[in-house]
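Worksheet: the structure to be examined is printed underneath.
Residue numbers (my numbering): 1 to 173.
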């Protein structure tokens with residue numbers, strides 16, 4: 001059922017050219033609950049950040065698709081909720097494409113170094129080199145952990161996506 005709902009969302013995205021949904025992409029779909037009351041949660045994003053109007057638009061289109069498919073409606077049940085939203089602050093980045101939206105922002109990244117040892121780094125995402133043919137990487141400028149008033153040269157760190165365990169956007173205080 002989850003795969004069928006995901007397929008519905010992907011179809012809506014494909015059909016969204018020239019509409020409020022244009023530019024959005026699917027991050028994740030989950031179906032919670034059983035039998036008489038299910039909750040369908042859809043995470044979507046846009047390279048410039050998804051807007052609430054886009055989420056509402058996708059929610060209405062998805063409800064129409066589910067209610068128009070008797071077999072899927074029987075699986076989901078007549079009493080279901082749909083929640084379409086953006087991954088919030090503190091939610092891990094799931095797709096490489098999401099890094100583009102977080103350029104210049106603070107990230108907390110867990111990764112494996114060259115020796116395979118797990119490490120963590122907090123810093124501002126300076127660049128996301130995403131490629132389907134070459135090894136993708138991020139350039140992160142670590143936040144200074146020194147005492148106030150002391151200036152030390154901080155160099156940007158290159159992390160390869162295949163070494164990243166998790167990357168979580170953080171609030172800047």
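Don't be surprised by glycine CBs; every beta carbon is placed ideally from N, CA and C.
As the structure is a prediction and not an experimental result, all values here were calculated from the model.
(request) Report yes or no: do the stretch 75 to 90 and the stretch 51 to 67 share at least 3 C-beta pairs separated by less than 8 angstroms? (result) Segments in contact, yes.
(request) Please go through the same chain and pick out, in chain order, the residues whose beta-carbon is closer than 7 angstroms to the beta-carbon of residue 53, but skip the five residues on each side of it. (result) Here residue 53 is taken as the residue at index 53 of the chain shown, counted from 1. The residues are 20.
(request) May I have the straight-line CA-CA distance separating residue 144 from residue 173, to the nearest angstrom? (result) The residue you call residue 144 lines up with position 144 of the chain shown. The residue you call residue 173 lines up with position 173 of the chain shown. Each residue's Cα considered, the two are about 14 angstroms apart.
(message) Could you give the first and the last residue of the continuous beta strand (DSSP E) run that contains residue 124?
(response) Translated into positions along the chain shown, residue 124 becomes position 124. Per DSSP, residue 124 belongs to the beta strand (DSSP E) from 118 to 129.
(message) So, at 7 angstroms on beta carbons, what are the nonlocal neighbours of residue 5 in its own chain, with the 5 sequence-adjacent residues on each side left out?
(response) One-based indexing of the chain shown puts residue 5 at position 5. Here the set comprises 29, 31 and 40.
(message) Once the 5 residues before and after residue 36 are set aside, which same chain residues still bring their CB inside 8 angstroms of it?
(response) Taking the first residue of the chain shown as 1, we reach residue 36 at position 36. Once the five neighbours on either side are set aside, the close Cβ partners of residue 36 are 77 and 79.
(request) Find out if the Cβ-Cβ distance for the pair residue 22, residue 108 is shorter than 8 angstroms. (result) Residue 22 sits at position 22 when you count from the first residue of the chain shown. Residue 108 sits at position 108 when you count from the first residue of the chain shown. No, these two residues do not count as a Cβ contact at 8 angstroms.
(message) Within the continuous beta strand (DSSP E) that includes residue 108, where are the two ends?
(response) By one-based count along the chain shown, residue 108 stands at place 108. In the DSSP annotation of this structure, the continuous segment of the beta strand (DSSP E) that includes residue 108 starts and ends at 106 to 112.
(request) Can you grab the Cα-Cα spacing for the pair residue 89 / residue 43, in whole Å? (result) As a working note, residue 89 is residue 89 in the chain shown. As a working note, residue 43 is residue 43 in the chain shown. Going from the Cα of residue 89 to the Cα of residue 43 covers about 13 angstroms.
(request) Look at the Cβ atom of residue 210, then the Cβ atom of residue 139, and state whether they are nearer than 8 angstroms. (result) The question about residue 210 has no answer, for the chain in this structure spans 1 to 173.
(message) Short of 7 angstroms in beta carbon distance, which residues of its chain neighbour residue 128, apart from the five on each side in sequence? Order them along the chain.
(response) As a first step, residue 128 must be located in the chain shown, where it is residue number 128. The residues are 99, 100, 103 and 138.
(request) Grab me the residues of residue 49's own chain with a C-beta within less than 8 angstroms of its C-beta, minus the 5 sequence neighbours each way, in chain order. (result) What you label residue 49 is simply residue 49 of the chain shown in a count that begins at 1. Within the same chain, 86 and 101 come within 8 angstroms of residue 49 by CB-CB distance, once the 5 residues on both sides are set aside.
(message) Quick check on DSSP: helix, strand or coil for residue 41?
(response) If you number the chain shown from 1, residue 41 lands on position 41. If DSSP states are grouped into helix, strand and coil, residue 41 belongs with the strands.
(message) If you measure between the beta carbons of residue 130 and residue 27, is that distance less than 8 angstroms?
(response) The sequence position of residue 130 within the chain shown is 130, counting from 1. The sequence position of residue 27 within the chain shown is 27, counting from 1. No, these two residues do not count as a Cβ contact at 8 angstroms.
(message) Under DSSP, the beta strand (DSSP E) around residue 71 begins and ends at which residues?
(response) Here residue 71 corresponds to residue number 71 of the chain shown, with the count starting at 1. Residue 71: not part of any beta strand (DSSP E); member of the alpha helix (DSSP H) spanning 70 to 76, first to last residue.
(message) I'd like to confirm the pairing. Which residues does DSSP put opposite residue 32 in its beta bridges?
(response) For the purposes of this step, residue 32 is taken as residue 32 along the chain shown, with counting starting at 1. Its beta-bridge partners are 39.
(request) Would you mind sorting residue 165 into buried or exposed? The rule is 16 or more other CB atoms within 10 Å of its CB. (result) As a position in the chain shown, residue 165 is number 165, starting the count at 1. Using a 10 angstroms sphere on the CB of residue 165, the tally of other CB atoms stays under 16, which defines it as exposed.
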